[in-house]
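Residue numbers (the numbering used here): 308 to 525.
We put the CB at the ideal spot given by N, CA and C, even for glycine.
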Amino acid sequence: EGFSDVELRDELVTMLLAGHDTSALVLAWAFGFLASHPESVEEVYRETLEVLGPPGEDGKWPKFTVEKVMAMQKTDRILKEVMRLRPPVFEMTREVTKKHRLPSGKTVREGQLVVVSPYVQGHKGSFFDRPDQFDPARWELDGGASTCKPPEGRYIPFGFGSRTCIGFRFAEWEMIIMLSHVCRNFTFSRSDQSDPEFACHITLNPATPVTLNVKPRS
308 EGFSDVELRD ELVTMLLAGH DTSALVLAWA FGFLASHPES VEEVYRETLE VLGPPGEDGK
368 WPKFTVEKVM AMQKTDRILK EVMRLRPPVF EMTREVTKKH RLPSGKTVRE GQLVVVSPYV
428 QGHKGSFFDR PDQFDPARWE LDGGASTCKP PEGRYIPFGF GSRTCIGFRF AEWEMIIMLS
488 HVCRNFTFSR SDQSDPEFAC HITLNPATPV TLNVKPRS
């Protein structure tokens with residue numbers, strides 16, 4: 308109610324594209340990182356065995372439930388690290404609604420656009436130790452609290468506050484299931500040892516295809 312047909316169409320198209328392309332890009336980057344870090348592939352495989360149990364006599368794996376997806380903590384940490392290094396959206400903009408003085412002393416005025424980049428945030432040495440290194444262990448839990456606790460608002464692959472992506476939890480679970488499915492059926496390595504460059508559009512895309520050598524698990 309209150310939306311025209313054109314506005315409804317635009318919202319639906321945005322939801323479809325934002326919910327499909329972003330997850331696909333994160334997974335593409337994830338497979339690239341995992342191919343360079345085979346120990347992480349095996350970690351996902353072992354965690355899948357622990358959480359789901361082995362496949363049955365028919366060769367089929369048990370199905371995921373919400374509880375089992377939430378139990379895939381190691382896989383979740385791998386995805387967190389991928390999204391820190393290669394967030395699905397390169398930058399976000401907001402229009403200033405009233406004059407505001409930032410902690411740095413700078414003043415932003417009503418009507419100005421403020422640009423925040425999850426990519427830049429994730430690579431700042433003042434926010435993360437060894438910011439350019441792929442290290443899922445930085446997100447490990449120690450006594451119930453993550454050993455990596457960037458200040459609020461500095462790890463924002465899905466946005467922040469009231470503007471957080473409404474589908475972020477679905478996207479996280481979807482990607483966990485996909486990583487599990489691939490890693491329990493295949494091993495893979497990089498066919499090209501150079502890291503793919505990225506292109507900054509609305510999303511953070513690989514500038515060239517992410518190519519892998521893939522082998523079925525015996």
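In the DSSP assignment, find the alpha helix (DSSP H) that holds residue i and state where it starts and stops.
i, result
"residue 340", "312 to 343"
"residue 496", "Run containing residue 496: none in the alpha helix (DSSP H); it sits in the beta strand (DSSP E), 493 to 497."
Under the three-state reduction of DSSP, which class applies to residue i: helix, strand or coil?
i, result
"residue 381", "helix"
"residue 376", "helix"
"residue 437", "coil"
"residue 369", "coil"
"residue 443", "helix"
"residue 459", "coil"
"residue 431", "coil"
"residue 479", "helix"
"residue 473", "coil"
"residue 364", "coil"
"residue 347", "helix"
"residue 487", "helix"
From which residue to which residue does the beta strand (DSSP E) around residue i run?
i, result
"residue 420", "420 to 423"
"residue 467", "Neither: residue 467 is in no beta strand (DSSP E) and is coded neither H nor E."
"residue 522", "519 to 523"
"residue 507", "505 to 507"
"residue 402", "399 to 402"
What does a CB cutoff of less than 6 Å around residue i pick up in its chain, not counting 5 residues either side in sequence?
i, result
"residue 521", "493, 495"
"residue 347", "341, 385"
"residue 507", "397"
"residue 371", "484"
"residue 475", "465"
For residue i versus residue j, is the C-beta distance shorter than 7 Å?
i, j, result
"residue 351", "residue 472", "no"
"residue 390", "residue 483", "no"
"residue 342", "residue 519", "yes"
"residue 510", "residue 333", "no"
"residue 461", "residue 440", "no"
"residue 369", "residue 425", "no"
"residue 415", "residue 423", "no"
"residue 366", "residue 517", "no"
"residue 480", "residue 376", "yes"
Can you name the residues that DSSP bridges to residue i?
i, result
"residue 353", "Answer is none; residue 353 lacks a bridge partner."
"residue 407", "415"
"residue 396", "510"
Excluding the five sequence neighbours on either side, which residues of its own chain have a C-beta within less than 7 Å of the C-beta of residue i, listed in chain order?
i, result
"residue 431", "438"
"residue 504", "514, 515"
"residue 325", "none"
If you drop the 5 nearest sequence neighbours on each side, which residues of the same chain put their C-beta closer than 8 Å to that of residue i?
i, result
"residue 452", "Confidence at residue 452 is low in this model, with a pLDDT of 49, below 50, so its placement is unreliable and no value can be given for it."
"residue 407", "414, 415"
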